[in-house]
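**Student:** Sharing a structure here in structure tokens format.
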Amino acid sequence: MKKPIGACKLCAVEIQVKDKPWKVALSCAVKTGEGLQVKTDTEAVRLARSKAIQQLLALFSAAV
Ligand code: FES
5 MKKPIGACKL CAVEIQVKDK PWKVALSCAV KTGEGLQVKT DTEAVRLARS
55 KAIQQLLALF SAAV
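Printed below as a string of structure tokens:
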């Protein structure tokens, strides 16, 4: 399987591994494993996805 390049950032989620702090990560680039917790709908996730969409729209509108 090819390694994801994480270009669009629309798959942002919050993850926590064991007792480490929660952080925003790209789900396509995170390997699952024991102790991994995932939140898909938090304020941080919505903000990260919103920024990603704004960046994509800016790139798209600059290209047309
Ligand atoms: S960065 Fe695009 S699917 Fe993960």
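Numbering (my numbering), first residue to last: 5 to 68. Glycine is no exception: its CB is placed at the ideal position from the N, C-alpha and C atoms. Predicted model, so just to flag it, every value in this text is computed and none were measured.
Using three-state DSSP, classify L40 as helix, strand or coil.
**Tutor:** The sequence position of residue 40 within the sequence shown is 36, counting from 1. Strand.
**Student:** CB of A11 to nearest heavy atom of the ligand FES: below 7 Å?
**Tutor:** What you label residue 11 is simply residue 7 of the sequence shown in a count that begins at 1. A distance criterion of 7 Å places the beta-carbon of A11 in contact range of the ligand FES, judged by its closest non-hydrogen atom.
**Student:** What residues match up with R21 in a beta bridge as DSSP calls it?
**Tutor:** Numbered from 1 along the sequence shown, position 17 holds the residue referred to as residue 21. First, the amino acid is wrong: residue 21 is Val here, not Arg. Answer by DSSP bridge pairing, in chain order: L40.
**Student:** Report buried or exposed for E38, applying the criterion of at least 16 other Cβ atoms within 10 angstroms of its Cβ.
**Tutor:** As a first step, residue 38 must be located in the sequence shown, where it is residue number 34. Burial call: exposed.
**Student:** Hey, could you find the ends of the beta strand (DSSP E) V68 is sitting in?
**Tutor:** Here residue 68 refers to the residue found at position 64 of the sequence shown. From DSSP, V68 is part of no beta strand (DSSP E); its letter is neither H nor E.
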